[in-house]
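Undergrad: Just so we're aligned: the sequence shown equals residues 37 to 101 in the numbering used here. Cβ coordinates follow ideal geometry from the N, Cα and C atoms, glycine included.
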Amino acid sequence: MFDSKLVNQLKQLEQEHRDLDEVLIQLQEKQTVNFLQIQRLKKRKLVLKDKINYLKNKIEPDIIA
């Protein structure tokens with residue numbers, strides 16, 4: 037059985053990841069783009085993705101038989 041606290045944390049991280057996706061899309065559509073800001077947001081998105089994968093593996097371990 038998995039911990040509901042981990043599931044809630046996973047949901048929050050996934051939501052933040054989706055939100056960052058939306059922000060990046062909006063920034064890239066603008067004519068005046070701050071490349072440093074976009075780079076930072078993409079890096080944050082990658083960090084979130086790593087945390088999401090870590091939590092998913094804690095909740096549902098990949099069992100190699």
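Between Glu-52 and the rest of its own chain, which residues show a CB-CB distance below 8 angstroms, the 5 nearest in sequence each way excluded?
TA: Numbered from its first residue, the sequence shown carries residue 52 at position 16. For Glu-52, where only same-chain residues beyond five positions count, the Cβ hits under 8 angstroms are Leu-84.
Undergrad: Return yes when the Cβ of Ile-74 is within less than 9 angstroms of the Cβ of Arg-49, no when it is not.
TA: Locating residue 49 in the sequence shown gives position 13, counting from the first residue. Locating residue 74 in the sequence shown gives position 38, counting from the first residue. The residue you asked about is not Arg; residue 49 is Leu in the sequence shown. Cβ distance not < 9 angstroms, so Leu-49 and Ile-74 don't count as in contact.
Undergrad: With a 10 Å radius around its C-beta and 16 neighbouring C-beta atoms as the bar for buried, classify Leu-82 as buried or exposed.
TA: The residue you call residue 82 lines up with position 46 of the sequence shown. Classification for Leu-82: exposed.
Undergrad: Taking Leu-60 as the reference, which of Asn-44, Arg-80 and Val-43 has the closest Cα?
TA: Sequence index remark: in the sequence shown, residue 60 carries index 24 (1-based). Of the listed residues, the one whose Cα sits closest to Leu-60 is Arg-80.
Undergrad: Just verifying my parser: in three-state terms, what is the DSSP assignment at Glu-96?
TA: As a position in the sequence shown, residue 96 is number 60, starting the count at 1. It is coil, neither helix nor strand.
Undergrad: Taking all protein chains shown into account, decide if Leu-72 is buried (16 or more other Cβ within 10 angstroms of its Cβ) or exposed.
TA: Taking the first residue of the sequence shown as 1, we reach residue 72 at position 36. Under this definition Leu-72 is an exposed residue.
Undergrad: Could you check whether Val-43 and Ile-99 sit closer than 9 angstroms to each other, using their CB atoms as the reference points?
TA: Residue numbering aside, residue 99 sits at position 63 when the sequence shown is read from its first letter. Residue numbering aside, residue 43 sits at position 7 when the sequence shown is read from its first letter. No; because the gap between Cβ atoms is not below 9 angstroms, this pair is not in contact.
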